[in-house]
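Student: The structure's right below; bear with me while I get my questions together.
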Amino acid sequence: MQVLAKKLNFSLAWKNSPGQWGFARPIGKSTGLMKMTQQEKVHFAIGCLAMDPDRYRYLKAGVSHYTSKILFAVPHGRPYTALEKLIGPFQTSVLVMQAFVLLVTCVVVLILRFTNSKVRAFVYGRGTTTPLLNAIAILFGVSISRPPVRNFARTLLFLWLMYGFIFASLYQGSLYSYLQKPMHYPPLKTMQEIDRSGLHYYMVDIGTRFFVHNPSIVRRTIIIPPGKDSLGLMVANLGLNQLTDGVVLTPMDLVAYNNRVNPRSRFVHIAREHVSVFPVGLYYPKQSALRDVFDEQVRMIVPSGLVSYWIERYGDYDFFARPIEKSEPRKLSNAHLVGAYQLYGCCLGVSVGVFLVELTVPRLLALGAFLRRLID
Numbered sequence: 002m003q004v005l006a007k008k009l010n011f012s013l014a015w016k017n018s019p020g021q022w023g024f025a026r027p028i029g030k031s032t033g034l035m036k037m038t039q040q041e042k043v044h045f046a047i048g049c050l051a052m053d054p055d056r057y058r059y060l061k062a063g064v065s066h067y068t069s070k071i072l073f074a075v076p077h078g079r080p081y082t083a084l085e086k087l088i089g090p091f092q093t094s095v096l097v098m099q100a101f102v103l104l105v106t107c108v109v110v111l112i113l114r115f116t117n118s119k120v121r122a123f124v125y126g127r128g129t130t131t132p133l134l135n136a137i138a139i140l141f142g143v144s145i146s147r148p149p150v151r152n153f154a155r156t157l158l159f160l161w162l163m164y165g166f167i168f169a170s171l172y173q174g175s176l177y178s179y180l181q182k183p184m185h186y187p188p189l190k191t192m193q194e195i196d197r198s199g200l201h202y203y204m205v206d207i208g209t210r211f212f213v214h215n216p217s218i219v220r221r222t223i224i225i226p227p228g229k230d231s232l233g234l235m236v237a238n239l240g241l242n243q244l245t246d247g248v249v250l251t252p253m254d255l256v257a258y259n260n261r262v263n264p265r266s267r268f269v270h271i272a273r274e275h276v277s278v279f280p281v282g283l284y285y286p287k288q289s290a291l292r293d294v295f296d297e298q299v300r301m302i303v304p305s306g307l308v309s310y311w312i313e314r315y316g317d318y319d320f321f322a323r324p325i326e327k328s329e330p331r332k333l334s335n336a337h338l339v340g341a342y343q344l345y346g347c348c349l350g351v352s353v354g355v356f357l358v359e360l361t362v363p364r365l366l367a368l369g370a371f372l373r374r375l376i377d
């Protein structure tokens with residue numbers, strides 16, 4: 002507008018609409034900026050105004066100078082829980098393989114339990130009464146009080162020790178870094194993921210027109226009340242992590258502007274699927290004579306590349322860039338070790354359960370005989 006003002010020799014006096022964009026309707030029923038334009042309280046309207054049939058009907062539309070998108074700004078991904086961080090150093094495939102190894106170990110011990118004592122002494126040593134417990138203890142770095150004597154049993158023990166040492170070393174080396182990182186799940190990417198998440202849909206009143214035929218979205222919609230840059234504040238709250246219970250329907254450029262003026266720590270993510278693509282232009286009162294004069298200048302400015310240049314300076318459109326994570330040594334705190342405390346509590350619960358079973362076994366002879374045969 003400053004270029005047009007300089008070229009056509011007029012001055013600018015800006016007015017903000019108290020009702021934001023508003024709806025274009027018959028005279029006397031319009032709202033927001035559409036009402037101001039229709040009642041000729043302003044000479045023209047500008048502000049990411051989409052070319053819309055209702056606006057065509059009640060206002061005079063200028064030529065489009067830019068094409069934007071309507072999409073959802075989404076909150077940061079959910080942070081990992083303390084227990085999820087404990088399994089973070091390994092991919093799921095590694096954990097599945099570890100579970101498979103332990104399962105095979107349990108099966109082998111169970112099968113050997115029903116063989117004669119010579120076979121058991123050959124495999125895991127004479128006098129070993131708790132082979133499964135020993136295997137788990139070695140895996141976690143605990144020593145055993147009575148190592149096997151025979152060569153084959155010692156070889157199995159050596160291989161299991163090497164496996165447990167390598168596995169534990171790799172885990173501990175990675176765990177220190179994982180515990181200190183502010184790890185999050187990736188943000189929502191698609192409309193389907195947003196729908197399954199159960200989050201609310203925050204939007205201004207005119208945004209509801211995109212979802213009139215989608216009652217599941219309408220039921221979860223929360224209208225953003227009109228106010229000075231209320232939509233921009235909602236987008237900024239997503240970056241500040243102050244809005245976590247919903248997504249915000251917004252023009253792409255509003256998110257890009259937020260990501261440029263705010264630090265990387267306030268980066269706002271968007272869904273990869275857009276709701277609508279729309280051309281943007283100016284609107285004038287029905288009786289205005291400015292449209293043809295302005296359109297002639299706009300048609301010369303757009304091909305020159307000035308609009309594209311201004312847009313690049315306006316915002317950061319690299320929405321899917323990952324902020325660089327700083328890795329600095331920090332002292333571990335109780336917050337980092339919550340997962341370990343929770344795991345310790347679970348183990349204490351299991352030990353109490355085993356203790357109660359031991360107290361109950363003498364009274365149940367059949368159960369006691371079965372457990373002695375299975376464990377001893």
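With the numbering used here as the guide, the letters of the sequence shown map in order to residues 2 to 377.
Idealized CB from N, CA, C, for every residue including glycine.
As the structure is a computational prediction, the values presented were derived from the model and not from experiment.
1) Just how far apart, CA to CA, sit residue 304 and residue 66?
2) Please confirm whether residue 256 and residue 320 have their CB atoms less than 9 Å apart.
3) Would you kindly check if the distance between the Cβ of residue 205 and the Cβ of residue 21 is under 9 Å?
4) DSSP has residue 251 in a bridge; who is on the other side?
5) Could you spell out the range, first to last residue, of the beta strand (DSSP E) harbouring residue 204?
6) Tell whether a beta-carbon distance below 9 Å holds between residue 339 and residue 83.
7) Answer with buried or exposed for residue 295, where buried requires no fewer than 16 other C-beta atoms within 10 angstroms of its C-beta.
8) Quick check on DSSP: helix, strand or coil for residue 271?
9) Pull up the distance between the alpha-carbon of residue 19 and that of residue 207, whole angstroms please.
10) When you compare the CB positions of residue 60 and residue 51, do they come within less than 9 Å of one another, or not?
11) State the start and end residues of the unbroken alpha helix (DSSP H) segment that holds residue 224.
12) For residue 269, collect the residues of the same chain with a Cβ closer than 7 Å to its Cβ; drop the 5 residues on either side in sequence, then sort them by chain order.
13) To which residues does DSSP link residue 281 through a beta bridge?
14) Relative to the C-alpha of residue 233, which candidate in 219, 253 and 314 has its C-alpha closest?
15) When you compare each of 44, 121, 366 and 116 to residue 285 by their alpha carbons, which one comes out closest?
16) Taking its Cβ as the centre, do 16 or more other Cβ atoms sit within 10 Å of residue 10, making it buried, or is it exposed?
17) Give a yes or no on contact between the stretch 92-102 and the stretch 114-133, applying the rule of three or more CB pairs nearer than 8 Å.
18) Give the single residue among 34, 158 and 88 whose Cα lies nearest to the Cα of residue 132.
19) Quick one: is residue 246 buried, meaning 16 or more other Cβ sit within 10 Å of its Cβ, or exposed?
20) Could you pull the start and end residues of the alpha helix (DSSP H) that residue 318 belongs to?
21) Which of helix, strand or coil does DSSP assign to residue 154?
22) Are the CB atoms of residue 76 and residue 250 within a distance shorter than 9 Å?
23) Just how far apart, CA to CA, sit residue 53 and residue 244?
24) In the DSSP assignment, find the alpha helix (DSSP H) that holds residue 83 and state where it starts and stops.
25) Who are the Cβ neighbours of residue 121 in its own chain at under 6 Å, not counting the five residues just before and after it?
26) Quick one: grab the DSSP three-state call for residue 287.
27) Closer than 6 Å by C-beta to residue 283: which residues in its own chain qualify, once you throw out the five before and the five after it? Chain order, please.
28) Alpha carbon to alpha carbon, how far is residue 197 from residue 86? Give it in angstroms, no decimals.
29) From 8, 195 and 201, pick the residue whose C-alpha is nearest to that of residue 272; which is it?
Tutor: On the basis of the coordinates in this document:
1) In a straight line, the C-alpha of residue 304 is about 10 Å away from that of residue 66.
2) The answer is yes: Cβ separation under 9 Å.
3) Taking 9 Å as the Cβ cut-off, residue 21 and residue 205 qualify as a contacting pair.
4) Answer by DSSP bridge pairing, in chain order: 72.
5) That run of the beta strand (DSSP E) goes 201-204.
6) Using a Cβ distance threshold of 9 Å, residue 339 and residue 83 count as a contacting pair.
7) Classification of residue 295: buried, given that the 10 Å Cβ count is 16 or more.
8) In the structure shown, residue 271 sits in a strand (DSSP, three-state: E or B).
9) Looking at the two C-alpha atoms, the distance is approximately 14 Å.
10) No, these two residues do not count as a Cβ contact at 9 Å.
11) Per DSSP, residue 224 belongs to no alpha helix (DSSP H); it is in the beta strand (DSSP E), 222-224.
12) Take residue 269, set aside five residues on each side of it, and the residues of its chain with a beta-carbon closer than 7 Å to its own are 74, 236, 239, 240, 256, 259 and 260, in chain order.
13) 51 and 67, per the DSSP bridge assignment.
14) 253 is the residue among 219, 253 and 314 whose C-alpha sits nearest the C-alpha of residue 233.
15) Per the Cα distances, 44.
16) So residue 10 ends up on the exposed side.
17) Output reads no: the stretch 114-133 does not touch the stretch 92-102.
18) For the residues 34, 158 and 88, the minimum Cα distance to residue 132 belongs to 158.
19) With fewer than 16 other Cβ atoms within 10 Å, it is exposed.
20) Neither: residue 318 is in no alpha helix (DSSP H) and is coded neither H nor E.
21) Of the three classes helix, strand and coil, the one that applies to residue 154 here is helix, per DSSP.
22) Contact: no.
23) Going by C-alpha positions, residue 53 is about 30 Å away from residue 244.
24) 83-87 is the extent of the alpha helix (DSSP H) around residue 83.
25) Only 113 meet the Cβ criterion.
26) Residue 287: coil per DSSP, three-state reduction.
27) Excluding sequence neighbours, residue 283 sits near 45, 47 and 63.
28) Just so you know, the alpha carbons of residue 86 and residue 197 end up roughly 24 Å apart.
29) Nearest C-alpha to residue 272: 195.
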